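Q: Below you'll find the structure I mean.
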Amino acid sequence: MNGLYKLAELDVNLVEALTDRATELRRGATPARFEGLALGLLFLAPSLRTQASMQRAAQLLGLDLVQLTSSSMWGLETSEGVVMDSDAAEHVREAAPVLSSYVDALCVRSFARFETLAADLADDVFQGFVQHSSVPVVSMESALWHPLQALADRATLDQIKVSTRAKLVLTWTWHPRSLPHAVANSTVCMAAQRGMDVVLACPAGWELHEDVLAQARALAEASGGSFEVSHDPDATKDADIVYAKSWSSLGSWGDTAGESFKKLELRSWQVTPDSLGSGARFMHCLPVRRNVVVSDAVLDGPASLVLRQAENRLHAQTALLEHMLSSTAGCESPLKIHAEVGA
Amino acid sequence: MNGLYKLAELDVNLVEALTDRATELRRGATPARFEGLALGLLFLAPSLRTQASMQRAAQLLGLDLVQLTSSSMWGLETSEGVVMDSDAAEHVREAAPVLSSYVDALCVRSFARFETLAADLADDVFQGFVQHSSVPVVSMESALWHPLQALADRATLDQIKVSTRAKLVLTWTWHPRSLPHAVANSTVCMAAQRGMDVVLACPAGWELHEDVLAQARALAEASGGSFEVSHDPDATKDADIVYAKSWSSLGSWGDTAGESFKKLELRSWQVTPDSLGSGARFMHCLPVRRNVVVSDAVLDGPASLVLRQAENRLHAQTALLEHMLSSTAGCESPLKIHAEVGA
Amino acid sequence: MNGLYKLAELDVNLVEALTDRATELRRGATPARFEGLALGLLFLAPSLRTQASMQRAAQLLGLDLVQLTSSSMWGLETSEGVVMDSDAAEHVREAAPVLSSYVDALCVRSFARFETLAADLADDVFQGFVQHSSVPVVSMESALWHPLQALADRATLDQIKVSTRAKLVLTWTWHPRSLPHAVANSTVCMAAQRGMDVVLACPAGWELHEDVLAQARALAEASGGSFEVSHDPDATKDADIVYAKSWSSLGSWGDTAGESFKKLELRSWQVTPDSLGSGARFMHCLPVRRNVVVSDAVLDGPASLVLRQAENRLHAQTALLEHMLSSTAGCESPLKIHAEVGA
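Quick look at the structure:
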């Protein structure tokens, strides 16, 4: 395993082995130790859970941490052939190989920047690091994918024994800001790969990118699950799992004012006790805007899985780094992979 | 001991044992080690001494450090029932339990925000963390209290053998900004609990909150000391200890322009060689504005204790964390508590 | 060795021993360990390489790290006798001794501030730390010098066996911003101390400060090298090493608009395949603005040494800290110093 961009690039057996290991670690299994190896953490966007849980995962594995945040770094350029006479002082063509020469693996958080849709669809910042690094690069959320969240979410579903054929509805919600697609993309693909009946519920015009829809369909087909898109806000009502998230419309990417106007009438897209069917569980990646994305009553009630999801970030990341660095360190991975073809 | 909000919530025998231990550590005693435990440090306000000394204290105790600062985090909401459609992206109801699931104890710095007096008097940010965390929460300064500064200050007084019946005058000083009450509140209560003759000297209208005055009076009564308020700028002249600090008027909380106008004539409230009696020592929590709060001549002269106070931050925090984490780790605290009722 | 301000303050034999050790470390030599010692890293200016490589160097040496960046600190004052009623909340007269009481050595990055030329020529921030610290202070770049870059650059030249009599041309380049002299000053002095034939190529009015020119001349005389200034943009064409850097004119220090106007016609001062002679190698400290300071073709071609320079930052710093802390720890330095007079 040489870095991680999106969860669905991993074989399903490896994903299962990783979530099993995350659950073992949650129950107190002892992580492998990689004394002397260094992990770089590069945060180009804000973070609470990811910063804290990556720091802790690295410590549990005995790693040294090399940490940088955008607030104390140079502005980063990723375009090829550009004349750098504007704000950015450093190109990823230098940043990536230089950091690679100090650490054994590099974890990067790079949000969608909402400058051009093409740049965000190319995931230019993260891919720049992948292309120019000489060590494995792990995404801590890029413009398009959030694989560590997806892994933690799958571990959460497994731990509470949600059937692989249960119905998961990812519902768009209103939000005052324009937000990226990373979690939404990752959620539908994770659930489709898990074999679930997956529904993407959103207003017309807020669909995820067609490439992502195609990936979700292909994953569902391979796993025996299903995937469909609904524009019905009541699509959540017969779900087993309601996963809430807001994201921007591809049709008004980077046009904050235009998007705000388009969604003026959409504030009712919010998860409430009423929109959540009885027996359904609620998921969200956090941070979540209370009484905007989801009502207090849902978040503070027994249906909510959000704190377990967040806790599983730690265990999922520990499992992933442990497996990935086992090959760096030349030792055996503690994963039990059940199929012939796995790692 | 389950976290720390203000020093006066600790039994006086425990406070004495902690300052004795701080002094032992200053003299080279070996701290206990808590390998494998993790300490979270959350800085929602700027810091030099606290950041540096908490990092070092944790290292001396063998702790792993999970560190977050507001510059790389989401804006934090603390109100209950609020519709989060403004700036704050994350609620303390999630932030606190999530961080609790990664660390064994959590230290939080949260200033007064000067938005509403009620919120600051409720110490809403810090209390939000206490209420929603599942691990002990230690204040690294909240809107109302700075217990680690108070512990270091008491250790400083003990080390240089200031009599417990000496006179300590906490004097307000002019300052270009509006500042919180945390250090002022903590100083009068620490000194009153220590049995000192405590005077709060400030212009009329700049008194500390009546609840704090009542606490200081009660602590003085219990300890055999005394506490009074004076509006005489010359109250410092017969003090053994002059502790300088600026703070905002409760009558113009959050009204920066109004307060600036009210204090136009008060620039003479500054500690100078003249206002410091002969033989008196000078204290301040730092950072200090030279020739505004106190003149260079005092700060650079033999009367100043400010560097020892700052150094004692390290030792006091090491002592406190060592005692607190002893129960987390299930080992015996190295504290020697002299009374029957202590921890 | 008690801290480091500029490389040329070290005896040439010590410099050679440090670069030899850096090269040994690059080849896999095991660094000494200083468990229990703490290194303070204080970043008052942005950084990628320096932050990451200092963190890693400290970890390889077993040091604890106490880290502060300006984004989470108080504004710092350095003038003597000033009335601090403006922005800065903390004076270096407190910051330096306080941090000294927590760590065993302190590394400081403090850029030129372009407020007054006199302050930057006095290197007031860095010298304030040196004057008021009780532990060794190492520059991670000050207004005038960048000794760790110079040490890494010298290690780079030695590793690829550039003759000590080769010709190094430091060429000024156009840049959209006003930049300090630290790297330029350090480069000419490092190369002159190494015995090289050094040319400073820049437009008239962009010469380095006369004190630096005098130092470079004196170092060249002592080493048997040479130093001259040229205003010919083609001076790079017969160089063995072309080192590019932009810096501000002493004649318009802090006057961004004036300087921009003065350099309107100077955009052709850029390193291109044409300005680089055949067989010449290209150096830059990074971050570098592509197609402004140097063309992609040079940077991505075989002539470029920039990634090796950056990697050597790690090894040079490890070597320097290892030597410096050996005396702190009371153990023998691993350096092999070839002359009688060395450390």
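Chains as they are written, first to last, in my numbering: chain A, 5 to 347; chain B, 5 to 347; chain C, 5 to 347.
Backbone N, C-alpha and C fix where the C-beta goes; we use that ideal spot for every residue, glycine too.
Quick caveat, the model's predicted, so the values are computed rather than measured.
Would you give the residue range spanned by the beta strand (DSSP E) that C111 of chain A belongs to?
A: Along the first sequence, read from residue 1 onward, the residue named residue 111 of chain A stands at position 107. 109-113 is the span of the beta strand (DSSP E), which, as asked, contains C111 of chain A.
Q: Taking P306 of chain C as the reference, which of C:H319, C:P277, C:L324, C:T73 has the closest Cα?
A: Residue mapping note: residue 306 of chain C aligns to position 302 of the third sequence, counting from 1. The candidate whose alpha carbon is nearest that of P306 of chain C is C:P277.
Q: Residue ranges of each alpha helix (DSSP H) run of no fewer than 4 residues wholly in the stretch 263-309 of chain B, ordered along the chain?
A: Counting only runs of 4 or more, we get 300-303.
Q: Give the list of continuous alpha helix (DSSP H) stretches no shorter than 4 residues that lie fully inside the stretch 87-159 of chain A.
A: For the stretch 87-159 of chain A, whole alpha helix (DSSP H) runs of length 4 or above, ordered along the chain, are 96-104, 121-125, 128-136.
Q: Would you call the CB atoms of A220 of chain A and A196 of chain A closer than 8 Å?
A: Within the first sequence, numbered from 1, the residue matching residue 220 of chain A stands at position 216. Within the first sequence, numbered from 1, the residue matching residue 196 of chain A stands at position 192. In contact: A220 of chain A and A196 of chain A (Cβ atoms closer than 8 Å).
Q: Is T73 of chain B close to chain C? Criterion is C-beta to C-beta, closer than 8 Å.
A: Working through the second sequence from its first residue, we reach residue 73 of chain B at position 69. With 8 Å as the cut-off, T73 of chain B counts as an interface residue toward chain C.
Q: Among the candidates C:V310, C:G262, C:C335, C:E28, whose CA atom is the shortest distance from the CA of A3 of chain C?
A: The requested residue 3 of chain C does not occur in the structure, where chain C is confined to residues 5 to 347.
Q: Would you kindly work out how many angstroms separate the C-alpha atoms of L148 of chain B and A126 of chain B, rounded to a whole number?
A: For the purposes of this step, residue 148 of chain B is taken as residue 144 along the second sequence, with counting starting at 1. For the purposes of this step, residue 126 of chain B is taken as residue 122 along the second sequence, with counting starting at 1. Computed Cα separation, rounded: 9 Å.
Q: Name the one or two DSSP bridge partners that I245 of chain C has.
A: Position 241 of the third sequence, counted from the start, is the residue given in the question as residue 245 of chain C. I245 of chain C pairs with C:L172, C:R285.
Q: Are V166 of chain B and V203 of chain B closer than 8 Å when you measure CB to CB?
A: On the second sequence, residue 166 of chain B is found 162 positions in, with the first residue counted as 1. On the second sequence, residue 203 of chain B is found 199 positions in, with the first residue counted as 1. Not a contact, by the Cβ cut-off of 8 Å.
Q: Can you tell which of A:A301, A:D242, A:A320, A:E336 has the C-alpha that lies nearest to the C-alpha of G283 of chain A?
A: Residue 283 of chain A sits at position 279 when you count from the first residue of the first sequence. Of the candidates A:A301, A:D242, A:A320, A:E336, the one whose C-alpha sits nearest the C-alpha of G283 of chain A is A:D242.
Q: Taking only beta-carbon atoms, is P101 of chain A less than 8 Å away from chain C?
A: The residue given as residue 101 of chain A occupies position 97 in the first sequence. Yes, P101 of chain A lies at the interface with chain C (some Cβ there is under 8 Å from its Cβ).
Q: Looking at chain A, which residues of the stretch 43-74 of chain C have a Cβ within less than 7 Å of any of its Cβ atoms?
A: Within the stretch 43-74 of chain C, the qualifying residues are F47, P50, S51, L52, R53, Q55, A56, S57, Q59, R60, Q63, T73.
Q: Let me make sure I understand the geometry here. Which of B:C111, B:D304, B:N189, B:L48 has the alpha-carbon closest to that of V142 of chain B?
A: Numbered from 1 along the second sequence, position 138 holds the residue referred to as residue 142 of chain B. Closest option to V142 of chain B, Cα to Cα, is B:C111.
Q: What residues in the stretch 306-326 of chain C have a beta carbon less than 8 Å from any beta carbon of chain A?
A: Within the stretch 306-326 of chain C, the qualifying residues are V310, L311, A314, E315, L318.
Q: Using only alpha-carbon positions, find the residue among B:S105, B:L155, B:V292, B:A93 that is nearest to R294 of chain A.
A: Position 290 of the first sequence, counted from the first residue, corresponds to residue 294 of chain A. Per the Cα distances, B:A93.
Q: List the residues of chain B whose Cβ lies closer than 7 Å to the Cβ of D300 of chain A, in chain order.
A: For this step, residue 300 of chain A is matched to residue 296 along the first sequence. Those within 7 Å of D300 of chain A in chain B are G85.
Q: Using a Cβ-Cβ cut-off of 8 Å, state whether L290 of chain A counts as contacting chain B.
A: On the first sequence, position 286 is the one that residue 290 of chain A refers to. Yes, L290 of chain A lies at the interface with chain B (some Cβ there is under 8 Å from its Cβ).
Q: Quick one: is R285 of chain A buried, meaning 16 or more other Cβ sit within 10 Å of its Cβ, or exposed?
A: As a working note, residue 285 of chain A is residue 281 in the first sequence. It counts as buried.
Q: Below 7 Å on C-beta distance, what does A93 of chain C contact in chain B?
A: Stepping through the third sequence from its first residue, residue 93 of chain C is reached at position 89. Within chain B, the residues near A93 of chain C are P291, R293.
Q: For K267 of chain B, does the count of other Cβ atoms within 10 angstroms reach 16, so buried, or fall short, so exposed?
A: For the purposes of this step, residue 267 of chain B is taken as residue 263 along the second sequence, with counting starting at 1. Buried: at least 16 other Cβ atoms inside 10 Å.
Q: So which residues on chain C does V296 of chain B lean against when the C-beta distance must stay under 9 Å?
A: Your numbering for residue 296 of chain B matches position 292 in the second sequence. Result: V87, M88, D89.
Q: What residues in the stretch 166-197 of chain B bring their beta carbon closer than 7 Å to a beta carbon of chain C?
A: Cβ contacts with chain C come from P180.
Q: Grouping DSSP H, G and I as helix and E and B as strand, with all else coil, what is G44 of chain A?
A: Working through the first sequence from its first residue, we reach residue 44 of chain A at position 40. Strand, per DSSP.
Q: At what residue ranges does the stretch 184-225 of chain C contain a whole run of the beta strand (DSSP E), taking only runs of 3 or more?
A: Fully enclosed beta strand (DSSP E) runs of 3 or longer: 201-205.
Q: Within a Cβ cutoff of 7 Å, which residues of the same chain sit near D387 of chain B, ignoring the five residues on either side of it in sequence?
A: In the structure as shown, chain B starts at 5 and stops at 347, and residue 387 of chain B therefore has no counterpart that could be examined.
Q: What does S137 of chain C reach in chain B if we use C-beta pairs closer than 9 Å?
A: Against the third sequence, residue 137 of chain C aligns to sequence position 133. Within chain B, no residue comes near S137 of chain C; the closest Cβ sits about 12 Å away, beyond 9 Å.
Q: Could you tell me whether any Cβ in chain C is nearer than 8 Å to the Cβ of Y106 of chain A?
A: Translated into positions along the first sequence, residue 106 of chain A becomes position 102. Output row for Y106 of chain A: interface = yes.
Q: Which residue marks the beginning of the beta strand (DSSP E) containing T73 of chain B, and which one marks its end?
A: To locate residue 73 of chain B, count along the second sequence from 1; it is residue 69. Start and end: 68-73.
Q: When you compare each of A:A333, A:L48, A:S83 to D300 of chain C by their alpha carbons, which one comes out closest?
A: In the third sequence, counting from the first residue as 1, residue 300 of chain C sits at position 296. Per the Cα distances, A:S83.
Q: Am I right that L67 of chain C and L41 of chain C are in contact with their C-beta atoms under 8 Å? What's the rounded C-beta distance?
A: For the purposes of this step, residue 67 of chain C is taken as the residue at position 63 of the third sequence. For the purposes of this step, residue 41 of chain C is taken as the residue at position 37 of the third sequence. That pair is a contact at about 5 Å.
Q: Taking 8 Å as the threshold (C-beta atoms), are V134 of chain B and V107 of chain B in contact?
A: Taking the first residue of the second sequence as position 1, residue 107 of chain B is located at position 103. Taking the first residue of the second sequence as position 1, residue 134 of chain B is located at position 130. Not a contact, by the Cβ cut-off of 8 Å.
Q: If you follow the beta strand (DSSP E) that V233 of chain B is in, where does it begin and where does it stop?
A: The sequence position of residue 233 of chain B within the second sequence is 229, counting from 1. Unbroken beta strand (DSSP E) run through V233 of chain B: 230-234.
Q: Using a Cβ cut-off of 7 Å, pull out every chain C residue sitting near S76 of chain A, in sequence order please.
A: Taking the first residue of the first sequence as 1, we reach residue 76 of chain A at position 72. What S76 of chain A touches in chain C: F47, P50, S51, Q55, T73, S75.
Q: Pick helix, strand or coil for L339 of chain C, following the three-state DSSP scheme.
A: Residue mapping note: residue 339 of chain C aligns to position 335 of the third sequence, counting from 1. In this structure, L339 of chain C counts as coil in the three-state DSSP scheme.
Q: Which residues in the same chain have their Cβ closer than 7 Å to the Cβ of S138 of chain A, if we skip the five residues on either side of it in sequence?
A: Within the first sequence, the letter at position 134 stands for residue 138 of chain A. Cβ neighbours of S138 of chain A beyond the five flanking positions: P101, S104.
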